Amino acid sequence: MSAKTILYVEDNEANRMIVRDLLKRTQYQLIEAHDGEAGVATALEKKPDLILMDIQLPKISGMEAMRRIRAEASMADTPIIAITSFALSGDEQKAKEAGATAYLAKPYSPFDLLKLVRQYAPDS
Ligand SMILES: [Mg+2]
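In this text, residue positions in the sequence shown follow the working numbering: the first is 931, and each later residue adds one.
Have a look at this one:
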């Protein structure tokens, strides 16, 4: 049994630290990317089991990154959880249209994040 791999695309170090700490006590293997372009490249290279995608990112947005990842046939079914600080109405719909499987608005509790991770990447 190999550990499931989670790619977290996030430009904010403090947020990355929180998720790193959260997943440290689980069997998930975490890989990180710091901007949208690197997120797409890492996703296509590593083929993670699940992607956590911040929306506000340098270079290209999380929305655009999701579109590019979804354009790759091998990544069509990979769960992507979009994470945004925007509580604007319509944002969830935009994220889903860009390819998000699920959506989590900041601020979120680590428990909520872990629950979604376990839901979409079970068995770890
Ligand atoms: Mg950000």
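The C-beta atom is built at its ideal place from N, Cα and C for all residues, glycine as well.
The model shown is predicted, which means the values in this text are computed figures rather than measured ones.
Cut-off 7 Å between Cβ atoms - residues of its own chain near residue i, not counting five sequence neighbours on either side
i	result
residue 994	966
residue 1044	952
residue 946	938, 940 and 962
residue 1022	1033
Contacting residues, own chain, Cβ-Cβ under 8 Å from residue i (five flanking each side not counted)
i	result
residue 943	none
For residue i, three-class secondary structure by DSSP
i	result
residue 972	helix
residue 985	coil
residue 943	helix
residue 1010	strand
residue 1038	coil
residue 1001	coil
residue 948	helix
Bridge partners - residue i, DSSP secondary structure assignment
i	result
residue 962	938
residue 980	936
residue 1032	1011
Exposure label - residue i; buried when at least 16 CB within 10 Å
i	result
residue 992	buried
residue 1029	buried
residue 950	exposed
residue 979	buried
residue 969	buried
Contact test: residue i Cβ vs ligand 3 heavy atom, cutoff 6 Å
i	result
residue 986	You won't find ligand 3 in this model; what it holds is ligand 1.
Do the stretch 955 to 973 and the stretch 986 to 1000 meet, that is, are 3 or more Cβ pairs less than 8 Å apart?
Taking one beta carbon from each stretch, the stretch 955 to 973 and the stretch 986 to 1000 have 3 or more pairs nearer than 8 Å; the two touch.
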